[in-house]
Amino acid sequence: EAENFASVFATNFGFAKTTIMETMEVFQGLFVPLGFSTEAAFGLSKAMTQLANDIGSFQDRNPAEVARMLASAFIGNHEALKMVNIQLSEASIRQAAVNNGFALGSAKMTEMQKVMGRVLDVLNKTTAAVGDGTRTFDDYNNKVKRVSEQYKVLSEEIGGALLPIAEFGIEIGKVIGHFNVIVPAIA
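Read in order, the letters of the sequence shown correspond to residues 309 to 495 in the working numbering.
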């Protein structure tokens, strides 16, 4: 299912599938250890991958860089998002968690509640960016990003085609190496 999402997203927005998979892995690797179910983490990973693309488009940043900023902020490094003009505070995070039923007023929040508060606070503060990847798809900066991603796709395809040849070359080198050991021993 993740590969299907990555393929569709990559095709729709002109990214390399591997870029989308790597971005999703950042979020999946964050949410699962925090106690989210695999399904919930997958849903959040998809949503955050889309959000990273939109913020990246809106702020003219690389979406993979934005994804790392988001992941950093979700574990408590709020400074990371200041580079894309998103300000988080403990009060706004708590309020987002309370407003959405993830926490109670002044009760101490669990790590999962804090993460959900951060996610919700980010979502509240990025409404202008949501959908920007689609709205500005044909803008110059987004075209440049797509060209870069298509170059990555081409490089991966060429590398994939050459890999069997390289592996064959390595095997031949091993055989030749064995002859170099055997021939001097015989002579």
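We put the CB at the ideal spot given by N, CA and C, even for glycine.
Among residues of its own chain, excluding the 5 on either side of residue i, which ones have a beta-carbon nearer than 6 Å to its beta-carbon?
{"i": "Gln367", "result": "Val392"}
{"i": "Lys354", "result": "Phe313"}
{"i": "Ala388", "result": "Met377, Ser380 and Ala381"}
{"i": "Asn408", "result": "Leu428"}
{"i": "Phe317", "result": "Ile328"}
{"i": "Gly485", "result": "none"}
Comparing alpha-carbon positions, which option in the options lies nearest residue i?
{"i": "Asn449", "options": "Thr435, Arg369 and Gly467", "result": "Arg369"}
{"i": "Leu359", "options": "Ser414, Ala348 and Glu373", "result": "Glu373"}
{"i": "Gly343", "options": "Phe317, Ile383 and Leu412", "result": "Ile383"}
{"i": "Glu309", "options": "Pro371, Asp362 and Ile328", "result": "Ile328"}
{"i": "Asn385", "options": "Ser315, Lys422 and Gly351", "result": "Lys422"}
{"i": "Thr435", "options": "Glu311, Leu389, Asp362 and Phe323", "result": "Asp362"}
{"i": "Gly351", "options": "Gly477, Met424, Ala437 and Ala469", "result": "Met424"}
{"i": "Glu398", "options": "Lys390, Phe317 and Arg426", "result": "Arg426"}
Taking the straight line between their C-alpha atoms, what separation do you get for residue i and residue j?
{"i": "Leu431", "j": "Gly467", "result": "38 Å"}
{"i": "Ala349", "j": "Phe335", "result": "7 Å"}
{"i": "Met498", "j": "Lys433", "result": "The structure shown has nothing for residue 498, since the chain only spans 309 to 495."}
{"i": "Thr346", "j": "Leu471", "result": "33 Å"}
{"i": "Met417", "j": "Val340", "result": "18 Å"}
{"i": "Ser414", "j": "Leu428", "result": "18 Å"}
{"i": "Ala411", "j": "Ala381", "result": "19 Å"}
{"i": "Ile473", "j": "Gly481", "result": "12 Å"}
{"i": "Gly441", "j": "Ser365", "result": "5 Å"}
{"i": "Ala529", "j": "Leu338", "result": "In the structure as shown, the chain begins at 309 and stops at 495. Residue 529 is therefore absent and cannot be evaluated."}
{"i": "Met356", "j": "Ala404", "result": "17 Å"}
{"i": "Glu479", "j": "Ala375", "result": "40 Å"}
{"i": "Ser315", "j": "Glu330", "result": "12 Å"}
{"i": "Arg402", "j": "Gln395", "result": "14 Å"}
{"i": "Asp447", "j": "Ala469", "result": "33 Å"}
{"i": "Ala324", "j": "Arg443", "result": "20 Å"}
{"i": "Asn320", "j": "Thr326", "result": "14 Å"}
{"i": "Pro371", "j": "Glu311", "result": "18 Å"}
{"i": "Gly322", "j": "Lys390", "result": "27 Å"}
{"i": "Gly477", "j": "Val483", "result": "10 Å"}
{"i": "Val406", "j": "Glu475", "result": "56 Å"}
Which same chain residues, not among the five before or five after residue i, have their C-beta less than 8 Å away from its C-beta?
{"i": "Gly439", "result": "Asp362"}
{"i": "Glu419", "result": "Leu342 and Gly343"}
Once you ignore the five residues that flank residue i on each side, which residues in its own chain have a CB closer than 7 Å to its CB?
{"i": "Ser400", "result": "Asp429"}
May I have a chain-ordered list of the alpha helix (DSSP H) segments no shorter than 4 residues that lie completely inside the region 392-444?
-> The qualifying runs are 398-407, 419-433 and 440-443.
For the region 319-398, which segments carrying the alpha helix (DSSP H) assignment without a break, of at least 4 residues, lie completely within its bounds, in sequence order?
-> Those alpha helix (DSSP H) runs which fall completely within the region 319-398 and span 4+ residues are 325-339, 346-367 and 371-382.
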